[in-house]
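Numbering (our numbering), first residue to last: 1 to 507.
Here is the structure:
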């Protein structure tokens, strides 16, 4: 028994000495990972623009010179449910950070109660008594190993990851609205071209019918003209279906009922006209701007801190506790009591499980590290893909413009020669078909040019900066939440500045 007491005293004394002498923060100190494979990489945009101010990214849709598009993008960023959900998630993350920070401080509870007890004595007499009590309890787990410090570090990184995701949903939303807008304008233009060509082909059919009735043309010419005319008409319903579906999709993004948008009645078929206005920049600037890359990096930082949290469980913990209470029985005189002192605990027999928990957190960190690298590579690929597509679209449009001019001239010549009897009607049909195809290809290429430009802006991570200036929730939700006092500090707290941290600096 004496040996057991000595061992217990030795264990407690040794453990306490170990804690007091080795106060430190366990776990790895996080450093932003590098991707050396991209050190020499430069985006294609470096050879495509001389460079402009950062403001060109903030609201890149303004660069497309279409007031209607600008209005619709801004509306989506205010009203879209996905954007609202992202804002509420950010408020949730703020609250989670507050929980982690509160663990650094002592925890206190106050209690008050009244208990009635009763029972029978050996003489069958029933006796009841009333006990009153009130107390104050205080507890503080001293953060010797940095458990709570690492917890705050993880929650802080998670908050900035959520903030980056909030930025990212705005980038995606602006691009999605702009893409649908361009799709609608492209389909409108294609419908105009199809209907105009149908009118031309209808006139040709009428001419061949008159010539056939007068005996100056064969029935074959009539049937060929009718075939081409009806074939052109048959493509209109599918275009109208695609147009309505795109209109419905855009309306839903704006949190409206499905259907055409009144704002788009004017300028039907007119595509936005924007030029490439992108900064010639280093990859580091590109990667810091993209919200998805920042989110992946902050998630990695959050997981790194959790390794330290897991390591602290392998070591003893010391808490300081104290309590003050007052009690009375049956209304009699009160009794004051108090207690104070340290408590010591150490999971000595659970080291295997706790050690494996460290390995679990470390393995998750390594997984997120690879995910971060993949996110960086995907970001570089998306920029390069969009830049190449945009450059090639411009070349294609230049060639198709010349081709369209030649096709239009060819149709004029074919019509003249047919009227003069120098060419058969097949040549007219071929020329009409060629002109129609070239016009369709040209408007499709112009739509593709704008879509690829939008994709390029999205790939460069532009469009989230002004979102930091907008409220996280709409007015109705804000008013509802402010009825509960504990929401007010979260709602009034400003978002961090949209200024990106310098290279090598942490947020």
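Beta carbons are placed, not taken as given, at the ideal position from N, Cα and C, and that holds for glycine.
Taking the beta carbon of residue i as the centre, do at least 16 other beta carbons fall within 10 Å, making it buried, or is it exposed?
{"i": "residue 338", "result": "exposed"}
{"i": "residue 450", "result": "buried"}
{"i": "residue 130", "result": "exposed"}
{"i": "residue 266", "result": "exposed"}
{"i": "residue 110", "result": "exposed"}
{"i": "residue 204", "result": "buried"}
{"i": "residue 291", "result": "buried"}
{"i": "residue 102", "result": "exposed"}
{"i": "residue 458", "result": "buried"}
{"i": "residue 272", "result": "buried"}
{"i": "residue 426", "result": "exposed"}
{"i": "residue 476", "result": "exposed"}
{"i": "residue 312", "result": "buried"}
{"i": "residue 162", "result": "buried"}
{"i": "residue 363", "result": "exposed"}
{"i": "residue 105", "result": "exposed"}
{"i": "residue 210", "result": "exposed"}
{"i": "residue 143", "result": "buried"}
{"i": "residue 231", "result": "exposed"}
{"i": "residue 165", "result": "buried"}
Report yes if the C-beta distance between residue i and residue j is below 9 Å; otherwise report no.
{"i": "residue 154", "j": "residue 309", "result": "yes"}
{"i": "residue 299", "j": "residue 371", "result": "yes"}
{"i": "residue 491", "j": "residue 460", "result": "no"}
{"i": "residue 159", "j": "residue 97", "result": "yes"}
{"i": "residue 188", "j": "residue 269", "result": "yes"}
{"i": "residue 438", "j": "residue 365", "result": "no"}
{"i": "residue 462", "j": "residue 324", "result": "no"}
{"i": "residue 418", "j": "residue 412", "result": "no"}
{"i": "residue 223", "j": "residue 86", "result": "no"}
{"i": "residue 167", "j": "residue 468", "result": "yes"}
{"i": "residue 218", "j": "residue 201", "result": "no"}
{"i": "residue 237", "j": "residue 247", "result": "no"}
On the three-state DSSP scale, how would you describe residue i?
{"i": "residue 218", "result": "coil"}
{"i": "residue 144", "result": "coil"}
{"i": "residue 493", "result": "coil"}
{"i": "residue 484", "result": "coil"}
{"i": "residue 269", "result": "coil"}
{"i": "residue 250", "result": "helix"}
{"i": "residue 324", "result": "strand"}
{"i": "residue 423", "result": "coil"}
{"i": "residue 241", "result": "helix"}
{"i": "residue 137", "result": "strand"}
{"i": "residue 329", "result": "strand"}
{"i": "residue 227", "result": "helix"}
{"i": "residue 109", "result": "strand"}
{"i": "residue 24", "result": "coil"}
{"i": "residue 196", "result": "helix"}
{"i": "residue 130", "result": "strand"}
{"i": "residue 255", "result": "coil"}
{"i": "residue 291", "result": "helix"}
{"i": "residue 504", "result": "In this prediction, residue 504 has a pLDDT of 42, which is less than 50 and means its spatial position is unreliable; what the coordinates show is noted afterwards. If DSSP states are grouped into helix, strand and coil, residue 504 belongs with coil."}
{"i": "residue 473", "result": "coil"}
{"i": "residue 152", "result": "helix"}
{"i": "residue 232", "result": "helix"}
{"i": "residue 64", "result": "helix"}
Might you give, ordered along the chain, the residues of its own chain that have their beta carbon closer than 7 Å to the beta carbon of residue i, omitting 5 neighbours on each side?
{"i": "residue 401", "result": "442"}
{"i": "residue 100", "result": "151, 152, 155"}
{"i": "residue 317", "result": "141, 345"}
{"i": "residue 255", "result": "79, 80, 81"}
{"i": "residue 434", "result": "407, 410"}
{"i": "residue 53", "result": "Confidence in residue 53 is poor, its pLDDT being 46 and thus under 50, which makes the residue's placement unreliable; the coordinate value appears in the next sentence. Hits under 7 Å: none found."}
{"i": "residue 297", "result": "32, 372"}
Could you pull out every residue in the same chain whose Cβ sits closer than 6 Å to the Cβ of residue i, ignoring the five residues on either side in sequence?
{"i": "residue 320", "result": "140, 342"}
{"i": "residue 34", "result": "none"}
{"i": "residue 250", "result": "180"}
{"i": "residue 58", "result": "465, 466"}
{"i": "residue 306", "result": "154, 361"}
{"i": "residue 448", "result": "393"}
{"i": "residue 233", "result": "198"}
{"i": "residue 294", "result": "164"}
Examine chain D for any beta-carbon lying closer than 9 Å to the beta-carbon of residue i, and answer yes or no.
{"i": "residue 483", "result": "Included in the structure is just one protein chain, with no chain D present."}
Going by beta carbon distance, what residues of the same chain come within less than 8 Å of residue i, once the five residues before and after it are set aside?
{"i": "residue 243", "result": "184, 187, 188, 191"}
{"i": "residue 253", "result": "76, 80, 173, 176, 177, 180"}
{"i": "residue 239", "result": "187, 190, 191, 194"}
{"i": "residue 182", "result": "271, 272, 447, 450, 451, 454"}
{"i": "residue 25", "result": "145, 146, 149, 150, 308"}
Let me check you understand the geometry: is the CB of residue i closer than 8 Å to at least one non-hydrogen atom of the ligand SAH?
{"i": "residue 427", "result": "Of the ligands one can find in the structure shown there are none, so the ligand SAH has no counterpart to examine."}
With a floor of 3 residues, list each beta strand (DSSP E) that falls wholly inside the region 300-371, ordered by position along the chain.
Taking only runs of at least 3 residues, the beta strand (DSSP E) segments lying wholly in the region 300-371 are 317-329, 335-345.
Taking only runs of the alpha helix (DSSP H) that begin and end inside the region 66-104, which ones reach a length of at least 4 residues, in chain order?
For the region 66-104, the full-length alpha helix (DSSP H) segments reaching 4 residues or more read 67-79, 81-102 along the chain.
Restricting to runs no shorter than 4 residues, where is the alpha helix (DSSP H) found entirely within the region 423-467?
As far as the region 423-467 is concerned, its whole alpha helix (DSSP H) runs of at least 4 residues are 425-459.
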